[in-house]
Amino acid sequence: MTEAAQVVSAPLLEVSGVTKRYPGVLAVDDVSLSLEAGQIVGLVGKNGAGKSTLIKIIAGAEHADEGSLQLNGEPLVLHRPHDATVAGLAFVHQDLQDVGDLSVAENVRMGLGYPRKVGLFVDWAELYRQAAEPLARLEADIAPRDSVGELSVAKQRLVMIARGLAQQAQLLVLDEPSASLTDEEIDHLFAVVRRLRDDGITVVYVSHRLEEIFELTERVIVMRNGQLVADESTESLDRSSLIAHITGHEHAQTAVERRASRGVGGRPDTEVVLEVDGVSADTGVNDCSFDVRKGEILGVGGLMGSGRTEMVRAVFGADHRREGTVRVHGAEVSDRHPSESMAAGLALLPEDRKTQGNIMDFSVRHNITLASLDRHRARPRLPAPSGRMEKQAADRRIERLSIATPHDRQLVRLLSGGNQQKVVIAKWLEQGADVLIFDEPTIGVDVDGKEEIYDIMEELAAEGKAVVFISSEFSELVGVCHRVLVLHEGRIVGELEGDAVTEPAIVEICYSQH
Amino acid sequence: MAETNTVPVSPGSAQPGSEGSRSRIDVLSFISTYGVFITLVACIVIFSVLDSDFIEIDNLRTQLGLAAPLLMLSLGLTVVLAMGDFDLSIAGTLSACAAAIVVLIVNHDWPWGLAVLVGIAFGLGIGAINGLLVSYVEMPSFITTLATFLILLGVEYMISDGRNITGAADMPDLYRDLGIGKPEPFTEFTSPVWIAAGLAIILWLMMSKTELGRYMYAIGGNPEAARLSGINVKALRALGFVVVGFVAVIAAVSQTARTASSIPRVGISLLLSAYAAAFLGAAASRKGLFNVPGTVLGVIFLQAVQSGLTILGYDRDILDISRGSILVLAMLLTALGASRR
Numbered sequence: 002m003t004e005a006a007q008v009v010s011a012p013l014l015e016v017s018g019v020t021k022r023y024p025g026v027l028a029v030d031d032v033s034l035s036l037e038a039g040q041i042v043g044l045v046g047k048n049g050a051g052k053s054t055l056i057k058i059i060a061g062a063e064h065a066d067e068g069s070l071q072l073n074g075e076p077l078v079l080h081r082p083h084d085a086t087v088a089g090l091a092f093v094h095q096d097l098q099d100v101g102d103l104s105v106a107e108n109v110r111m112g113l114g115y116p117r118k119v120g121l122f123v124d125w126a127e128l129y130r131q132a133a134e135p136l137a138r139l140e141a142d143i144a145p146r147d148s149v150g151e152l153s154v155a156k157q158r159l160v161m162i163a164r165g166l167a168q169q170a171q172l173l174v175l176d177e178p179s180a181s182l183t184d185e186e187i188d189h190l191f192a193v194v195r196r197l198r199d200d201g202i203t204v205v206y207v208s209h210r211l212e213e214i215f216e217l218t219e220r221v222i223v224m225r226n227g228q229l230v231a232d233e234s235t236e237s238l239d240r241s242s243l244i245a246h247i248t249g250h251e252h253a254q255t256a257v258e259r260r261a262s263r264g265v266g267g268r269p270d271t272e273v274v275l276e277v278d279g280v281s282a283d284t285g286v287n288d289c290s291f292d293v294r295k296g297e298i299l300g301v302g303g304l305m306g307s308g309r310t311e312m313v314r315a316v317f318g319a320d321h322r323r324e325g326t327v328r329v330h331g332a333e334v335s336d337r338h339p340s341e342s343m344a345a346g347l348a349l350l351p352e353d354r355k356t357q358g359n360i361m362d363f364s365v366r367h368n369i370t371l372a373s374l375d376r377h378r379a380r381p382r383l384p385a386p387s388g389r390m391e392k393q394a395a396d397r398r399i400e401r402l403s404i405a406t407p408h409d410r411q412l413v414r415l416l417s418g419g420n421q422q423k424v425v426i427a428k429w430l431e432q433g434a435d436v437l438i439f440d441e442p443t444i445g446v447d448v449d450g451k452e453e454i455y456d457i458m459e460e461l462a463a464e465g466k467a468v469v470f471i472s473s474e475f476s477e478l479v480g481v482c483h484r485v486l487v488l489h490e491g492r493i494v495g496e497l498e499g500d501a502v503t504e505p506a507i508v509e510i511c512y513s514q515h
Numbered sequence: 047m048a049e050t051n052t053v054p055v056s057p058g059s060a061q062p063g064s065e066g067s068r069s070r071i072d073v074l075s076f077i078s079t080y081g082v083f084i085t086l087v088a089c090i091v092i093f094s095v096l097d098s099d100f101i102e103i104d105n106l107r108t109q110l111g112l113a114a115p116l117l118m119l120s121l122g123l124t125v126v127l128a129m130g131d132f133d134l135s136i137a138g139t140l141s142a143c144a145a146a147i148v149v150l151i152v153n154h155d156w157p158w159g160l161a162v163l164v165g166i167a168f169g170l171g172i173g174a175i176n177g178l179l180v181s182y183v184e185m186p187s188f189i190t191t192l193a194t195f196l197i198l199l200g201v202e203y204m205i206s207d208g209r210n211i212t213g214a215a216d217m218p219d220l221y222r223d224l225g226i227g228k229p230e231p232f233t234e235f236t237s238p239v240w241i242a243a244g245l246a247i248i249l250w251l252m253m254s255k256t257e258l259g260r261y262m263y264a265i266g267g268n269p270e271a272a273r274l275s276g277i278n279v280k281a282l283r284a285l286g287f288v289v290v291g292f293v294a295v296i297a298a299v300s301q302t303a304r305t306a307s308s309i310p311r312v313g314i315s316l317l318l319s320a321y322a323a324a325f326l327g328a329a330a331s332r333k334g335l336f337n338v339p340g341t342v343l344g345v346i347f348l349q350a351v352q353s354g355l356t357i358l359g360y361d362r363d364i365l366d367i368s369r370g371s372i373l374v375l376a377m378l379l380t381a382l383g384a385s386r387r
């Protein structure tokens, strides 16, 4: 009887004194915490604060150097990720780990074995029936037969959550689950998470979007420099105290305050650098026209799927234009190859720094000089880069952008997300473009890192560059942009300038289109 | 990479053996970095102890001469592999060119220079076709070059009728010199060794010292990021196949000039060795990238094993088994350490 009572009182998951060292870094420093059943717990912290490593340890993907785990009062030893799955711990990673070519049902039941007929053939009818059950619990409008690769990102995440349910998970860890989701999809996700909580499942919700943490969670755990620095009920915190925990220093400014304090007003009265006239493309871009002046920061807002990325890719010539012209300093730019746009003074810092922005297995130095290699020659006529000149250039950018890297030969793969983004910025600063198009530069970047990226954009504008800034977080646009374009279905449907640039105004334009 | 980490969480206590395990990791990372070197040195020492003929300078000369065509092929492959492509047709180009050149010289009395020029044009043409199909039509390189490989084997059969064509008497001395001559004043080694060495130096400079090489590695790392950085990805990938086509012809000339004959399907036996050498070279490099010095090391490795076992009197069966096993061992040492990094 006493034994049973003990089991009931034991927390779902107990983490005791977990420490993990990587060469030169103490990634997780003596972290202890316990999670009760049926809670929604926020896990926040800057990039490199140790959240991911802690999660990997709980997932059995990394092994702690010190410390231990207990599940329902029993010691939990994880040799590999499968052990965590068996123990009822489920993880939905930011980079979706589904198999796109397979059906929803195959993904949901993956790792659990598929039902068989005659002991050999997959019993598809039974498989679809088994997969339908967790999907129904999520009230997801997804057919088990659908191919996962054709689903939206939001639905793919639900499929991964359904996999967790199929595995009888007691604990579900969602890492940045709202990235790339529309507002409606986020609402649905929140409803799903709350329902799972009511069913007794504990949900750990990792996000850089603090609004979501306040809306959804009951308790917040904050990590900083590998340590657990706060573990409090969400009610007891407000935005600025949470940011203070995350950054370790007291400052938290809203976008509106930032705009006011920096004196961001209307567009400067300078010459036009970039002129885009009637651009359409097969990617859904429809008759877009706008211009950007020297020293201006132009924001581009719109919901997911409104064609923001597609528009700037067509402008840069990353995709072909069906119609329309692009001029830089009055001269028309062809869409034949990105190199021609670059020669004209355009730069595109793409949405995904991992798959489009950086060569992850190149060093910081070689990424920074990649787009301007012909300017780092020891002898002007010999197409051979000078290591010394490259190092000087890289060191200069590393210092100027405060890129946190031990040295310029570090592989970019080993940097945190915010620093990877800074390497992309450094590459284009080194290339010396006049027009810099930033596509979602702050995705997955922590609070301090975001602020640094805003500062960089403002410095560039002050130096006379024209800056285009795409963001899903409209408050960011309010904080830095002179002017904001709003897109819907590949068209520019609204434009706000100066004092008219407010978050409600952007949202209003987005939603008045339906 | 994390999955293979076997340092366990010892529940409820700090790990007492953590110091010991860290020094073990150092040893392993040393082995992984130098795994290929270690295996090579071990082989050389063992062969030398078992039979002193192995380290004779004469054997060294002979072995380098034998390895030269393989080295040329492997170097060409290194360029396309660095960009993330495969080229299987290289063996077909070599075989077809070898047959064509020998037939033109021996059976049709063509001047050897003209025959070689025709061969080079042929090799460049095959490279251009491969490059066009893979890079511009966007067909997968493996299957595309497998297809051109099969076609080229057919072409070779048409030219040679599937027979050995020999004609030492009908071959001009100048042509034979390309295979067995020892050019003044560099009489230490035969011409193919010098040609292969020259090729190695040129490609090494290209891959590791020029903008072109940097762009090629960027394409191998991430073609889309490379394109968005202004690199002409299509043209460079196509260029890689043209380089391979050219190198295959040079190898064909060296081979036929040395043996004064064309042996049907001569390229096939070289093909797999060339891939083995390039992959050994990548395994030997710190970053795991295909690279010219690594490929040279890989070729020396394979040739040393072959020579050592032959001197010791082992037959073909043992030879192949040993080469395969050593390849696995070298890769194993590398993988073992890579999981620790």
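Protein chains in written order, with our numbering: chain A, 2 to 515; chain B, 47 to 387. Backbone N, C-alpha and C define an ideal beta-carbon position, used for all residues, glycine too.
What residues match up with residue i in a beta bridge as DSSP calls it?
{"i": "GLN228/A", "result": "ARG225/A"}
{"i": "ASP440/A", "result": "ILE471/A"}
{"i": "GLU276/A", "result": "ASP292/A, ARG328/A"}
{"i": "HIS489/A", "result": "ARG492/A"}
For residue i, report the span of its beta strand (DSSP E) as first-last.
{"i": "GLY495/A", "result": "492-498"}
{"i": "CYS482/A", "result": "Looking at the DSSP string, CYS482/A is not in any beta strand (DSSP E), and its letter there is neither H nor E."}
{"i": "ALA467/A", "result": "467-471"}
{"i": "ILE41/A", "result": "41-46"}
Is the shortest distance between the beta-carbon of residue i and the beta-carbons of chain A less than 8 Å?
{"i": "THR256/B", "result": "yes"}
{"i": "GLU184/B", "result": "no"}
{"i": "ARG332/B", "result": "no"}
{"i": "GLU270/B", "result": "yes"}
{"i": "GLY340/B", "result": "no"}
Can you tell me whether DSSP reads residue i as helix, strand or coil?
{"i": "ILE214/A", "result": "helix"}
{"i": "ASP223/B", "result": "helix"}
{"i": "ASP199/A", "result": "helix"}
{"i": "GLY171/B", "result": "helix"}
{"i": "ALA282/A", "result": "strand"}
{"i": "LEU347/A", "result": "strand"}
{"i": "ALA434/A", "result": "coil"}
{"i": "ASP188/A", "result": "helix"}
Does residue i come within less than 8 Å of chain B when only Cβ atoms are used?
{"i": "PHE363/A", "result": "yes"}
{"i": "THR356/A", "result": "yes"}
{"i": "LEU486/A", "result": "no"}
{"i": "SER417/A", "result": "no"}
{"i": "ASN359/A", "result": "yes"}
{"i": "GLU15/A", "result": "no"}
{"i": "ASP31/A", "result": "no"}
{"i": "ASP440/A", "result": "no"}
{"i": "LEU349/A", "result": "yes"}
{"i": "GLN7/A", "result": "Unreliable positioning characterises GLN7/A in this predicted model, as indicated by a pLDDT of 46, which lies under 50. The coordinate reading is nonetheless provided below. No, no contact with chain B."}
{"i": "ASP176/A", "result": "no"}
{"i": "MET343/A", "result": "yes"}
What first and last residue would you give for the alpha helix (DSSP H) that runs through residue i?
{"i": "ARG314/A", "result": "309-317"}
{"i": "GLY68/A", "result": "No alpha helix (DSSP H) holds GLY68/A; the beta strand (DSSP E) holding it covers 67-72."}
{"i": "LEU343/B", "result": "338-357"}
{"i": "THR108/B", "result": "103-128"}
{"i": "ALA271/B", "result": "269-274"}
Can you tell which of the options has the C-alpha that lies nearest to the C-alpha of residue i?
{"i": "ARG309/A", "options": "ARG158/A, VAL193/A, ILE493/A", "result": "ILE493/A"}
{"i": "LEU150/B", "options": "VAL125/B, ILE197/B, GLU202/B", "result": "GLU202/B"}
{"i": "ILE241/B", "options": "VAL312/B, LEU224/B, THR233/B, LEU251/B", "result": "LEU224/B"}
{"i": "VAL91/B", "options": "GLY354/B, PHE168/B, ASP363/B", "result": "GLY354/B"}
{"i": "VAL205/A", "options": "ASP288/A, GLY418/A, GLY39/A, MET458/A", "result": "GLY39/A"}
{"i": "SER275/B", "options": "THR248/A, GLN357/A, PRO269/A, LEU172/A", "result": "GLN357/A"}
{"i": "PHE132/B", "options": "LEU112/B, ARG311/B, THR108/B, GLY291/B", "result": "GLY291/B"}
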